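Chemist: Just dropping this structure here.
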Amino acid sequence: MLMTAAEIQAEGGREKWLEMRTTGIGGSDAGIIVGVNTYKSKFQLWQEKTSQTVASEINLSDEVKERMEWGNRLEEPLAQWFQDKTGKKLRRCGMVRSDEHPFMIADVDRLVVGENSIVEIKTTAGYNYDEWADDKVPPSYLVQALHYMAVGNYDKCYFVCLCGGQRAVIREFERDDDEINALVEAEKDFWENYVVPHKIPEVDYSESCTKAIEKMYPGGDKEVMPMSGEWEKQCEQIKELEAQITEIKKVIDEKKNKLRLELGNSEKGECGDYIVSYGIHNRAVWDNKAFAEDYPTLSQKYRRQTQYRMLTVNLTRQAKKRRAKEVEDE
C-alpha cells in the first residue's frame, strides 16, 4: 500500500497524495488517456507524470476549488447514506499499486465488506442529472471503475451520486475483462512510450493543452527560429482554414441580420421546427475610463500588467510581394 486512508486524511496528506499520484496512472487519469475525460489533455497529464508540473500548481478557479471541497466534505455522509439504503457495510481504502502493472495506482473511495466490490462517491450539479438518468453513468466514471477493477481485481463497482444537493442515485457496474484489457493496454502505451522516455504526446485542440504548452515554454527568446518546410504546410493550412471561417461567419451574420429585420420589435419568432429569440438583456459593466478620471490615484494603484503569449501566422513581406506579383502576371 502506498498510503493508508489515515495518512491521506492527516495533516500534509493531501500534498503527499498529489506527489504519489505522479508515480503512476490513477483512476481519473484513465479517462484522459482514452479520451472520455475532457477536463484535462493528455499533454497536461504527461507534464504532471514527468514531474514538469504538479496537479497542485494548476491554476484552478475558485468555483472549481469550492466544488472539489464540497465533494470531499460530502463523501462521508453519502457513504453513510449508501449503507443505510443497501444494508452493506463499507470501509475506507488507501492508495494502492498494481502488482501486475506497477504503473497503475488506485485510490478507491470505499470497499464493500464481505464483497469483492468497491464504491465510488460523486457529486454533481442538478442540471447534470440526465447523465445519471435511466441507470446511466458518465463514461469517464465507468473508465475509472474499470481502472480500479484492473488494479484490485474487483468484480463490481457501485456508484453513489448526489445530483443538485438533493437527489441521490445508486448505480451498479459489473466487471468487463475485454474492456479492462483494452484500457490496460492504452495506459501501458501512454506510460511506457511517453512518460518513461519523456516523449511528448500528440497535442490536441483543448484549452488545457494550450495552457500546458505555455506553462512549459513561457517564451522570451527573441531570435528567429528556422523551421522546416513541414511547418510551412501547417501555416498554409491554418491561413486557408481561417479564410474559410471568415467567409462562413459572413454568411451566418448576413442570415442573422435577415432574421433581425424580419423580427423587428418582436423578441421571439417561430418557424417550423425552430424558435428564434431576439430578446433584451441587461448587463452591468465596469466603466474603467470613468473610474480612472474620477479616482486617478486609486486606478493607478490597482492597475497591473499581465503577460501572455499570442500565436499569429502571417506571410513574410517577401512572400506577400511575390504572391502579389504572381496574381498580376496571371
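Read left to right, the sequence shown gives residues 1 to 330 (the UniProt record's numbering). We treat Cβ as the ideally placed atom computed from N, Cα and C, and that holds for glycine. This one's a predicted model, so the numbers in the text were calculated from it and none came from an experiment.
Ends of the beta strand (DSSP E) at residue 173?
Modeler: Mapped onto the sequence shown, residue 173 falls at position 173. Start and end: 167-174.
Chemist: Would you decide whether residue 317 is buried or exposed? Buried here means 16 or more other CB atoms lie within 10 Å of its CB.
Modeler: Residue 317 sits at position 317 when you count from the first residue of the sequence shown. So residue 317 ends up on the exposed side.
Chemist: Near residue 201, which residues of its chain fall below 8 Å by C-beta distance, leaving aside the five closest residues on each side in sequence?
Modeler: Residue mapping note: residue 201 aligns to position 201 of the sequence shown, counting from 1. Closer than 8 Å at the Cβ level, and outside the excluded window around residue 201, lie 42, 43, 46, 190 and 194.
Chemist: In the DSSP assignment, find the alpha helix (DSSP H) that holds residue 238 and state where it starts and stops.
Modeler: Along the sequence shown, read from residue 1 onward, the residue named residue 238 stands at position 238. Element bounds for residue 238: 229-263.
Chemist: Give me, in chain order, the residues of the same chain whose beta-carbon lies closer than 6 Å to that of residue 123; leave out the 5 immediate sequence neighbours on both sides.
Modeler: Residue numbering aside, residue 123 sits at position 123 when the sequence shown is read from its first letter. These residues qualify, in order along the chain: 71, 74 and 162.
Chemist: My assumption, with CB atoms under 8 Å, is that residue 313 sits in contact with residue 239. Please give the rounded CB distance.
Modeler: Within the sequence shown, the letter at position 313 stands for residue 313. Within the sequence shown, the letter at position 239 stands for residue 239. Right, the Cβ-Cβ distance comes to about 6 Å (below 8 Å), so this counts as a contact.
Chemist: What did DSSP end up calling residue 275 once you bin it into helix, strand or coil?
Modeler: Position 275 of the sequence shown, counting from 1, holds the residue named residue 275. Of the three classes helix, strand and coil, the one that applies to residue 275 here is strand, per DSSP.
Chemist: Below 8 Å on the Cβ atoms is my guess for residue 399 versus residue 263; work out the distance and round it to an integer in Å.
Modeler: Because the chain in this structure spans residues 1 to 330, residue 399 falls outside the shown range and cannot be described.
Chemist: Look at the Cβ atom of residue 225, then the Cβ atom of residue 150, and state whether they are nearer than 8 Å.
Modeler: Taking the sequence shown and counting its residues from 1, the one referred to as residue 225 is at position 225. Taking the sequence shown and counting its residues from 1, the one referred to as residue 150 is at position 150. It is not a contact, given that the beta carbons lie outside the stated cut-off.
Chemist: Contact between the stretch 115-133 and the stretch 203-210 is defined here as three or more beta-carbon pairs at a separation below 8 Å; is this criterion met?
Modeler: The stretch 115-133 vs the stretch 203-210: no contact.
Chemist: Exposed or buried, which one is residue 48 when buried takes at least 16 other CB atoms within 10 Å?
Modeler: The residue labelled residue 48 in the question sits at position 48 within the sequence shown. Buried.
Chemist: Please report the distance separating the alpha-carbon of residue 146 from that of residue 92.
Modeler: Locating residue 146 in the sequence shown gives position 146, where the first residue counts as 1. Locating residue 92 in the sequence shown gives position 92, where the first residue counts as 1. Taking the straight line from one Cα to the other gives about 19 Å.
Chemist: Return yes when the Cβ of residue 219 is within less than 8 Å of the Cβ of residue 309, no when it is not.
Modeler: As a first step, residue 309 is located in the sequence shown; it is residue number 309 there, counting from the start. As a first step, residue 219 is located in the sequence shown; it is residue number 219 there, counting from the start. Yes.
Chemist: For residue 180, which residues of its own chain have a beta-carbon under 7 Å away from its beta-carbon, when the five flanking residues on both sides are left out?
Modeler: As a working note, residue 180 is residue 180 in the sequence shown. Hits under 7 Å: 146, 149 and 150.
Chemist: Less than 8 Å between the beta carbons of residue 160 and residue 78, yes or no?
Modeler: Reading the sequence shown from its first residue, position 160 is the one you call residue 160. Reading the sequence shown from its first residue, position 78 is the one you call residue 78. Cβ distance < 8 Å, so residue 160 and residue 78 count as in contact.
Chemist: Cutting at 6 Å between CB atoms, please list the residues of its own chain near residue 37, excluding the five before and the five after it.
Modeler: The residue labelled residue 37 in the question sits at position 37 within the sequence shown. Once the five neighbours on either side are set aside, the close Cβ partners of residue 37 are 31 and 140.
Chemist: I need the boundaries of the alpha helix (DSSP H) containing residue 65, first residue and last residue.
Modeler: Indexing the sequence shown from 1 puts residue 65 at position 65. 62-73 is the span of the alpha helix (DSSP H), which, as asked, contains residue 65.
Chemist: Which first and last residues belong to the beta strand (DSSP E) in which residue 224 is found?
Modeler: Here residue 224 refers to the residue found at position 224 when the sequence shown is read from its first residue. Counting along the chain, residue 224 falls outside any beta strand (DSSP E), and DSSP gives it neither H nor E.
Chemist: How long is the line joining the alpha carbons of residue 298 and residue 97, rounded to whole angstroms?
Modeler: Locating residue 298 in the sequence shown gives position 298, where the first residue counts as 1. Locating residue 97 in the sequence shown gives position 97, where the first residue counts as 1. Each residue's Cα considered, the two are about 55 Å apart.
Chemist: What whole-angstrom Cβ distance do residue 107 and residue 26 have, given they're in contact under 8 Å?
Modeler: Locating residue 107 in the sequence shown gives position 107, where the first residue counts as 1. Locating residue 26 in the sequence shown gives position 26, where the first residue counts as 1. Residue 107 to residue 26, Cβ: 6 Å. Contact.
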